[in-house]
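There are 2 protein chains.
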Amino acid sequence: MPDEKPLGEFELIERLTRGLPKGRGVILGPGDDAAVVRPSDGMDLVITTDSVVEGRHYRRDGCDTERGKRGLADAVGRRLAAANLSDVAAMAAVPRWAVLSIGATSGDLEWTSNIERGVAAGLGQDGAALVGGNLSRVEGPEWFSLTLVGEVERDRSWSRRGARAGDLIAVTGVPGFAGAIERHLNEYWAEVQGHGVLGLPGLEARDFSAWTAPPSRVAAARAMWRTGAVRAAIDLSDGFAGDLAHLCEASGVGAEIDAARPEGALAAIAEMEFGGDARRSGVATPETVFEALRFGPSDDYELLLAVDPAKREACAAAARASATPLAFVGRFTAEAGALMRIRADGSRSPLPGRGYDHFAAAE
Amino acid sequence: MPDEKPLGEFELIERLTRGLPKGRGVILGPGDDAAVVRPSDGMDLVITTDSVVEGRHYRRDGCDTERGKRGLADAVGRRLAAANLSDVAAMAAVPRWAVLSIGATSGDLEWTSNIERGVAAGLGQDGAALVGGNLSRVEGPEWFSLTLVGEVERDRSWSRRGARAGDLIAVTGVPGFAGAIERHLNEYWAEVQGHGVLGLPGLEARDFSAWTAPPSRVAAARAMWRTGAVRAAIDLSDGFAGDLAHLCEASGVGAEIDAARPEGALAAIAEMEFGGDARRSGVATPETVFEALRFGPSDDYELLLAVDPAKREACAAAARASATPLAFVGRFTAEAGALMRIRADGSRSPLPGRGYDHFAAAE
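Read top to bottom, the protein sequences are chains A and B.
So in the working numbering, the last one in the first sequence is 1154, and the numbering has no gaps at all.
So in the working numbering, the last one in the second sequence is 1154, and the numbering has no gaps at all.
Now the structure itself:
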C-alpha cells in the first residue's frame, strides 16, 4: 500500500541516502550524528562550500514535463557538484568527501532526490562521495548547500597568490561559454521537453552540456600540478575578468590579455546576438559582443592559471594528456591591479567584463 | 566618505571574514578558492552539517530594539555552532574546522555578521575555527548552513551502534529544557529588549542560556571517552524519546526509563503550564506535563549515552571533572525498539514524547 502521509524527515533522509555509493576512505556514512572518514597520510585538507538557490540559480517553473524536470534537477545537482569540484581543482587537490545541506519546500521527494542524485553523480565522476547531510523545511525558495573536502600533498596546494610578472595566463575550456549558454537555456529546456524549438544557428544540444554537466578539471589540475609549472590558480565561477582580478589582487600583479579571434560556439552565439539588439544599437561589433560574453559574468568552472613560462610546454602536454583544452591567452604584469586587453595592432585598453556579484546585481 | 552603494558580495565576504581568529592547523583561511588545513597524524575525521532557517528556527520580527536584535543574532549563531559541536561531541571527536554557507536576503550586514560572530564565538569556545564560507542572495527566508570537521583517534569514534541490553542510559544536562524554554522565548526577548516582562515564576534569565548559548559537551565527551565506558552515543537534537529511538534502532535494542521526580527549572515550567490550559483539560497532572516536556521535541544539544555498567563510576567521575551534569536514567533492554517508562510502583508504559520532525510538523 502506498503511504498516503507526506514523508517524514527521517524517512526522507533515509530514502535520499539509500544506495549512495560508499566512497574511498569512508568509515561511517550517512545515518549517524556525523560521518567518519579516514584521511591519507601526509596530506593537507582543502575545504570549500557552495550553494544553489531556487529563483537565483535556476527556476523550477520553466519545466512542464517529467523529462524536463528530471533533466533540470540533474543539471542543478551536477552544477552544484561542479562548483565545489572546481574549487578543489583550483587548489590542485583530490576531491574526497562531501555533505549536502538541503532546505526543501515540501515533500516533492522525486525532485529533491533527483537533485541529490545529480550531486552524487557529479562528485562520483571524480571519485568523491556524499557521506552525510541535513534536511530542513523552508517556506520559500529551496536551496542546496554542498561542502566538499579534498586532499593535497602537504604545503603543495595551489592558491591565488604566487603569480609573478611575466607568468603566462592560461585557461581551460571556453571561458564565458556557460554565461552565454545561460542566455539561451529556455530554448534548450523547451527542446528537452519535446517542444522542439532548438536549432539555434551554430549551437547544438551537446554544447549545452557545458551548463548542464560541466566537465571536471580535477584530473587536468592534478596532471598540471605534477609538472610544477603552475604558480597560482583560481577557478572561473564569476567570470573571466572578475576572477582574473581576484587572482591579480591576491598576487599583487596586473594582467594583459591578447585579443582573440572570435571562433567556435561562443563566437556563434555572439554572431547570433549581434544580429539582434546589438546590431541595432549601432555601437557593437561581433567582436565586442564576443568579448563581452568571453570576459563577462559566467560560471564556467574552468581554471585560470599562472604558468611559469619556462614550463609552458610541460603544462600544455599535461592538459592534452587529460583531454583538457588549455589556451595561453596573455601574461601577468608588474602593473598591480591593471587588467588590460592588447589588440593585434598593439593598442591597449581596459579588459571588458566584470564578475558576477550576487549583491550588486539588481533584480 | 561612507559608501552609499549597497555592499557587494565580495566586500561583504571580506568584512564578514575580517578578524576571524585563525584556528589551529589552519594553513590558508578564508579568501581563496578553498581553505587549507592540516589534520593531525593518526586521526579519523568526522564531518557533520546543520542549518538554521528564518521562520522555522527563529523569527526576526520578534525583536524591535538594537539590543534585542543583537542578542537574537548572537543566539542564532551560537545555536547553529552548538548543533554542529553536539554532533561532533556525540562521535567523541574534537571539533576543528568549519565553513559557513549563508543565504542572505539583503545588505543588513550588521545582522548577518552578528550571526556569523555568534557562530565563530560558539566554535571558538571549543577551539574550532571558521575557515571559509559562501554567500548567496535569496528572495525569501534567510538561512545559515554550517559544516564542521572534527578529529578522533582512528577507529575509536562513538556511534549510535553498540548499545547492549543491560547498558545504562545516561544523559548530560536537562533533556527537554530547550524545548520548554522555547515556549517562553517571547517573554525572554521582551525582557532583553527592556520591556521588563520576564519574572516567570521559577524561571530566571540565566536559565535561558540553555537556549541562547547552549553549553558544549565536547570536553565532557572526550573525558568520558577516555574512560572507555561509553558503548554508543547520540546527541539530543530532536528530543529525548525521538533520539533514544534512533539509538535503539541503530543498536537493535530497547530501553526502559525510570520515572523521575519533577524538579528544577523544567519542573517549574511544567507547574506553570499545568496551571494553565493543562489544568483546564482535566487529564493532565504536573507529572504528565513534566514528562511531555522532558521526553518531547527539544533541541538540547545534550548527549545520550550507553554506558557499560561496570564503568559507571569512572564515567560519572569524568563528567563531574568536566563540570557536566550526568544522570543515569534507565537501561537498554533486549526488547528491540520498545521504549518504556517504569514507574516507582514497577508499572510499565510506553515512553511519552516523540522527536521533532521538520516534515511531519504541519504549520
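Even for Gly, the Cβ is constructed at its ideal location relative to N, Cα and C.
Minimum Cα-Cα distance from A1011/B among the listed residues V910/B, P830/B, S877/B and E857/B corresponds to S877/B.
Taken through DSSP and simplified to helix, strand or coil, L994/B comes out as coil. Looking at the DSSP output, P1088/A bridges to G1030/A.
Minimum Cα-Cα distance from P1077/B among the listed residues A956/B, E1062/B and P1116/B corresponds to E1062/B. Residue contact check for M882/A against chain B: a CB pair falls below 8 Å.
Separation of the CB atoms of L914/B and A920/B is rounded to 6 Å, and the pair is thereby assigned contact status at 8 Å. In the displayed model, S936/B falls within a strand according to three-state DSSP. Close CB contacts of A866/A within its chain, under the 6 Å cut and outside five residues either way in sequence, are with T1003 (chain order). For N925/A, a Cβ of chain B is located within less than 8 Å of the residue's own Cβ. At least one CB atom of chain B sits nearer than 8 Å to the CB of S842/A. K1102/B has its alpha-carbon roughly 8 Å from the corresponding atom of G1019/B. Per DSSP, A954/A lies in no alpha helix (DSSP H) and is assigned neither H nor E. Rounded to whole angstroms, the separation of the alpha carbons of A864/B and I906/B is 5 Å.
In terms of beta-carbon proximity, I960/A stays away from the interface with chain B, with every pair separated by 8 Å or more. For T839/A, the nearest CB of chain B lies under 8 Å from its own CB, placing it at the interface with that chain. Taking the C-beta atoms as reference points, V837/B is found nearer than 8 Å to G941/B. With respect to the 8 Å criterion, A889/A and F1119/A are not classified as neighbours on the basis of their beta carbons. Within the same chain, Cβ atoms closer than 8 Å to the Cβ of R858/B are found at V983, Q984 and G985, the five residues on either side in sequence being excluded. As a beta-bridge residue in DSSP terms, F1119/B pairs with A961/B. Proximity of S1007/A to chain B, defined by a Cβ-Cβ separation below 8 Å, is not satisfied.
Around G931/A, the beta-carbon contacts reaching into chain B at under 7 Å are G931 and P932. The three-state secondary structure of L876/B, taken from DSSP, is helix. In the three-state reduction of the DSSP assignment, T1003/B falls in the helix class. When L1117/A, A1046/A, S1138/A and D1136/A are compared, the shortest CA-CA separation from L1130/A is found for A1046/A. Put simply, the CB of R928/B is near chain A, with a gap under 8 Å to one of its CB atoms. In the DSSP annotation of this structure, L1142/B is not part of any beta strand (DSSP E), being labelled neither H nor E.
Between L937/A and D841/A, the CB-CB gap stays under 8 Å. Short of 7 Å from the beta carbon of V844/A, and not among the five residues preceding or following it, lie these beta carbons of its own chain, in chain order: P932 and W934.
The beta carbon of V827/A sits closer than 8 Å to some beta carbon of chain B. Listed in chain order, the non-local C-beta contacts of A1083/A below 7 Å within the same chain comprise P1143 and G1144, local neighbours out to five positions each way being set aside.
Annotation: the continuous beta strand (DSSP E) that includes R887/B extends over V885 to A895. Bounds of the alpha helix (DSSP H) holding M1063/A are G1055 to E1064.
Annotation: V885/B to A1059/B spans about 35 Å, alpha carbon to alpha carbon.
Only those residues of the region 946 to 980 of chain B whose C-beta falls short of 9 Å from the nearest C-beta of chain A are listed: D946, S948, W949, S950, R951 and R952.
Here G1121/B is near I1048/B, since their CB atoms are less than 8 Å apart. One Cα belongs to C854/A, the other to G846/A, and the distance between them is close to 13 Å.
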